[in-house]
Amino acid sequence: MPSTLPVNTQQVLQMGTHTEKLQHTMQNLPNVVAQQVDKERQVADELKRRQVQDLDPSSYIEETDPHTKQKKRVRVKKNNDPDDETPEPPVAESTHQGFINIIV
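Here the numbering used here is used: the first residue of the sequence shown is 4, the next is one more, and so on.
Have a look at this one:
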């Protein structure tokens with residue numbers, strides 16, 4: 004009585020091909036993710052460059068007059084409290100997993 008089950012040679016060959024494709028995909032995954040993150044960062048940087056910076060510390064609020072039902076814009080000064088500043092973000096843990104992308 005044989006201890007191994009009979010297998011189909013064609014299935015074994017196909018599984019070898021699938022395994023190679025899977026290994027190739029797993030090896031390229033960090034590079035693909037890094038490229039996607041880099042592309043997203045480039046898009047965000049471009050948006051920041053094109054965005055108009057508001058240097059005036061005031062904003063407009065539309066109010067409706069209850070008597071005349073007309074809308075008017077009211078300028079409201081923003082408070083310049085030092086407490087409103089956002090704290091520095093915490094240092095993220097290194098997630099490069101042995102790969103370092105250097106852009107020159």
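Glycine included, each C-beta is placed from N, C-alpha and C at the ideal position.
Candidates the options, of which the one nearest residue i by Cα
i, options, result
"I106", "T7, Q38, H70, R52", "Q38"
First and last residue of the uninterrupted alpha helix (DSSP H) at residue i
i, result
"V10", "Where V10 is concerned, there is no enclosing alpha helix (DSSP H), given that its DSSP letter is neither H nor E."
Below-8 Å beta-carbon distance, residue i vs any chain C residue
i, result
"L25", "Absent from the structure is chain C; it holds one protein chain and no more."
- Message: Quick check for students: name the residue ranges of the beta strand (DSSP E) that lie wholly in the stretch 10-60, counting only runs of 3 or more.
- Response: none
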